[in-house]
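Colleague:
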Amino acid sequence: MQRNPVRSCSLSDYDQADVFYFQKDMRQYSCSLWDTYLKAYIKYMAKNDQFVLTPLHSFEDLAKLVDTSSALDKPILSRDMARQNSSAVLDFVHGHCLRFQNFAFSFQKYNPAIAVPTCLECGLLLDSQFHKLVECIAVAYVTDLLDRIASVAEYEQHFHLALIFSKSKDTKRAFHELVVSVVEQSAYGDGLLV
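Position 99 of the sequence shown, counting from 1, maps to 103 under the working numbering, and the rest follow consecutively.
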């Protein structure tokens, strides 16, 4: 019997003993369904930054990143990661955290007199998780870590998509180390999160 993970016929026409799937086939089929879904809804997963006038990558470019199989093979969080570190990593991936002034500005409008949510650390540029990871001059960066995440950093405010679907364990490990380093250096870290 020829195995095909995507069947175009009714399985009720076959005897139960003749129809079977391997776990690999089921996973491949599930991943293809998720890929189709995610590519169709990429514009909702992309971050629309009101302060970026022209995005560097189109939705079509971002849709090319989608590969759920690699996300399952190399998840962004490992089982042995400390809870505090995994929480910080997820804060930097989704960006919905009071640690980032662009989120605080859009969510709570702390001070209506402030027109632009600048970084509390450097006070120079617009704050975001990408700014904290790559641009902020108040953070002493580890150059080798930045070099190791260069493939995802090129997507700027959409780096989270490139990171989630990255096939490189080294890139994800370097991202974890960079997040921990940035959080440890932050003068306005977890005190804002109370």
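The beta-carbon is built from N, C-alpha and C at its ideal position, and this holds for glycine as well.
Owing to the predicted nature of the structure, the values given are computational and were not obtained by experimental measurement.
Identify, in the order they occur along the chain, each residue of the same chain with its Cβ nearer than 6 Å to the Cβ of V143, setting aside the five sequence neighbours on each side.
Modeller: Within the sequence shown, residue 143 is the residue found at index 139, counting from 1. Excluding sequence positions up to five before and after V143, its CB lies within less than 6 Å of the CB of V186 and Q189, all in the same chain and listed in chain order.
Colleague: Check this for me: beta carbons of V97 and I168, under 9 Å apart or not?
Modeller: Looking up residue 97 in the sequence shown gives position 93. Looking up residue 168 in the sequence shown gives position 164. Yes; because the gap between Cβ atoms is below 9 Å, this pair is in contact.
Colleague: Going by other Cβ atoms of all chains shown within 10 Å of its Cβ, with 16 needed for buried, is Q133 buried or exposed?
Modeller: For the purposes of this step, residue 133 is identified with residue 129 of the sequence shown, where counting begins at 1. Here Q133 is buried, its C-beta having at least 16 other C-beta atoms within 10 Å.
Colleague: Starting from the C-beta of H100, find all residues in its chain whose C-beta is less than 7 Å away, skip the five residues before and the five after it, and write them out in chain order.
Modeller: Stepping through the sequence shown from its first residue, residue 100 is reached at position 96. Only F107 meet the Cβ criterion.
Colleague: If you check the beta carbons only, do E139 and L149 fall under 9 Å apart?
Modeller: Locating residue 139 in the sequence shown gives position 135, counting from the first residue. Locating residue 149 in the sequence shown gives position 145, counting from the first residue. No, these two residues do not count as a Cβ contact at 9 Å.
Colleague: Cβ atoms of I46 and F179: under 9 Å apart, would you say?
Modeller: The sequence position of residue 179 within the sequence shown is 175, counting from 1. The sequence position of residue 46 within the sequence shown is 42, counting from 1. Cβ atoms of F179 and I46: not closer than 9 Å.
Colleague: Output needed for T175: all residues of its chain with C-beta closer than 8 Å, excluding positions within five of it in sequence on either side, in chain order.
Modeller: As a working note, residue 175 is residue 171 in the sequence shown. Closer than 8 Å at the Cβ level, and outside the excluded window around T175, lie R152, I153, S155, V156 and L167.
Colleague: What's the C-alpha gap between L182 and A92?
Modeller: Counted from its first residue, the sequence shown places residue 182 at position 178. Counted from its first residue, the sequence shown places residue 92 at position 88. In a straight line, the C-alpha of L182 is about 11 Å away from that of A92.
Colleague: What does the alpha-carbon distance come out to for the pair Y25 and D84?
Modeller: If you number the sequence shown from 1, residue 25 lands on position 21. If you number the sequence shown from 1, residue 84 lands on position 80. Going from the Cα of Y25 to the Cα of D84 covers about 32 Å.
Colleague: So what's L129 in DSSP terms, helix, strand or just coil?
Modeller: For this step, residue 129 is matched to residue 125 along the sequence shown. Correct three-state label for L129: coil.
Colleague: Does the Cβ-Cβ distance between K171 and S74 come in under 9 Å?
Modeller: In the sequence shown, counting from the first residue as 1, residue 171 sits at position 167. In the sequence shown, counting from the first residue as 1, residue 74 sits at position 70. Yes, they are a contact pair.
Colleague: With respect to the alpha helix (DSSP H) encompassing E64, which residues constitute its N-terminal and C-terminal limits?
Modeller: Position 60 of the sequence shown, counted from the first residue, corresponds to residue 64. Its alpha helix (DSSP H) spans residues F63 to A67.
Colleague: By the DSSP assignment, the alpha helix (DSSP H) with H98 in it spans what residues?
Modeller: Numbered from 1 along the sequence shown, position 94 holds the residue referred to as residue 98. It spans R87 to H98 - the alpha helix (DSSP H) in which H98 sits, taken as one unbroken run.
Colleague: If you draw a straight line from the alpha carbon of L94 to that of P121, how long is it in whole angstroms?
Modeller: For the purposes of this step, residue 94 is identified with residue 90 of the sequence shown, where counting begins at 1. For the purposes of this step, residue 121 is identified with residue 117 of the sequence shown, where counting begins at 1. If I take the Cα positions, the gap works out to 21 Å.
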